[in-house]
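Residue numbers (the working numbering): 7 to 494. Okay, so here's the structure we're looking at.
Shown next, in the form of structure tokens:
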């Protein structure tokens, strides 16, 4: 219990930082009609207060991700949280819409230090300790921040005005920076191998990124312009009442369950399932029937947060090296989609009404389905038996094997290889095709240490097949132990 207390405190401080960041990101989304009236601008132009943030996040991720690979995730996270305070105050004091956009851009440049860096940090620091549900907790913190930034700001705007409501949000990143001064665990960073440029040829990573961006496009477009629809007949609600739809973000609190579901069915199947759920939600929003509209929005919100959990696990699965850079590339594409989602559906709304917004979202979902399909298919596992295809067998029977490295995560496969009359070179050649991390040890034979997450991985091989009892594997994985397989 004593050992767990520091971990819980570290997790709480980090989640506060994530929530504070997300609260500021979409703080203008629920009050777009108010900005339109205050500055005398159109709905699509008001939506730029979202687009510039999202684009800045996309650009800033290419800086914060590689920087975090070098200086460490905790330092980057603490710095970003502190830097976010001043531009948040600047938004509240902006004398005109152009000045507001400048401050919103500065906010966006700070946010990747908590967002693009936060996702791999969860995978490296918390997933090995508490499992995939750690990503669910992270998503839940983002949901809580989103509720504060949307619903909280909208309700406060009705009482004290939008400037005071947004200015109060600066308290969150400031409090998080203080809470994270010490105690954040320092994870072992993933191997480095060329930065984000190397990942431009990583087709599965690009598939995950484009699929996530298309899913995000639909979500942002729907919830950005739904307040305009609810303010018009036949609904004719006030801004404060219309903003209550953001309570549907509470569906994202099921994030830990999404993490467990990803453990069972795999992140790819889960991501494809969220595309279907979001499509159903869009159809339900078409009639002017409030219960159906609310149900449809709930489906879209639930699909988005579940899909976010799935894609974050997907990025860690398909990116073996430079995870900070890989996540930066993911968020660059992801938030570019979100920026378009905050603007293009606005043009569709002005021309065709809500049916145009729904059509734009449906087009994006079709792209998401194709992208997730290109992300690859999960390995099949015969019932009752887990199959691991090992490297080419070489040399005599194995002798003592070295202990596997301690810093092996649920989603990694590490090969510990021993020297034996040049056998390591042959084995290395066979394993290179599998893109695995190898560590040499001065012992006879070699061993494969696998800690499994999304099914059993298939290693490159031309001959040997090992059979391992699946039930024993599951028991060992649940205790977060390594499975040592001796190749004889």
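For glycine and all other residues, C-beta sits at the position ideal for the given N, C-alpha and C.
Straight through space, the alpha carbons of residue 75 and residue 181 are spaced by roughly 25 angstroms. For residue 237, the enclosing alpha helix (DSSP H) has its first and last residue at 209-237. One alpha carbon belongs to residue 323, the other to residue 34, and they sit about 34 angstroms apart. Residue 112 and residue 243 have their C-alpha atoms roughly 33 angstroms apart. Taken in chain order, the whole alpha helix (DSSP H) runs of length 4 or more contained in the segment 110-150 are 124-127 and 133-136. For the 8 angstroms CB-CB criterion, residue 38 and residue 233 form a contact.
If you compare the alpha carbons of 173, 15, 338 and 105 with that of residue 71, the shortest gap goes to 338. Cβ-Cβ separation between residue 27 and residue 117: approximately 5 angstroms, consistent with a contact (criterion under 8 angstroms).
For the pair residue 101 and residue 299, the Cα-to-Cα distance works out to about 37 angstroms.
Close CB contacts of residue 109 within its chain, under the 7 angstroms cut and outside five residues either way in sequence, are with 93, 96, 97 and 100 (chain order).
By the criterion of at least three beta-carbon pairs nearer than 8 angstroms, the segment 285-292 is in contact with the segment 360-368.
Between residue 265 and residue 139 a beta carbon distance of about 4 angstroms is seen, short of the 8 angstroms cut, so the two are scored as contacting. In terms of Cβ geometry, residue 143 and residue 261 form a close pair [threshold 8 angstroms]. In the three-state reduction of the DSSP assignment, residue 318 falls in the helix class, which pools H, G and I. For the 8 angstroms CB-CB criterion, residue 157 and residue 278 do not form a contact.
When rounded, the separation of the alpha-carbon atoms in residue 129 and residue 57 is 28 angstroms. With contacts defined by Cβ atoms closer than 8 angstroms, residue 349 and residue 46 do not form a contacting pair. Assigned with DSSP and collapsed to three states, residue 74 falls in helix.
Residue 184 counts as exposed, since fewer than 16 other beta carbons sit within 10 angstroms of its beta carbon. In this structure, the CA atom of residue 250 is about 21 angstroms from the CA atom of residue 223. Residue 311 and residue 255 have their C-alpha atoms spaced approximately 9 angstroms apart. Rounded to the nearest whole angstrom, the CA to CA distance from residue 325 to residue 209 is 11 angstroms. Using a 10 angstroms sphere on the CB of residue 317, the tally of other CB atoms reaches 16 or more, which defines it as buried. When secondary structure is reduced to three states using DSSP, residue 172 falls in the helix class. In this chain, the alpha helix (DSSP H) harbouring residue 284 covers 273-290. For the pair of segments examined, the segment 212-222 was found to touch the segment 370-379: the number of CB pairs separated by less than 8 angstroms reaches three.
In this structure, the beta-carbon distance from residue 64 to residue 345 falls below 8 angstroms.
If the five residues before and after residue 173 are omitted, its C-beta is found closer than 7 angstroms to the C-beta atoms of 95 and 98, all from its own chain and listed in chain order.
Residue 90 has its alpha-carbon roughly 21 angstroms from the corresponding atom of residue 160.
For residue 163, the enclosing alpha helix (DSSP H) stretches over residues 159-166. The DSSP-derived three-state label of residue 336 is helix. Classified as exposed, residue 294 has fewer than 16 neighbouring CB atoms from the shown chains inside 10 Å of its CB.
Secondary structure of residue 192 (DSSP, three-state): coil. In this structure, the alpha-carbon of residue 362 lies about 14 angstroms from that of residue 49. Residue 341 places its beta carbon 8 angstroms or farther from that of residue 106.
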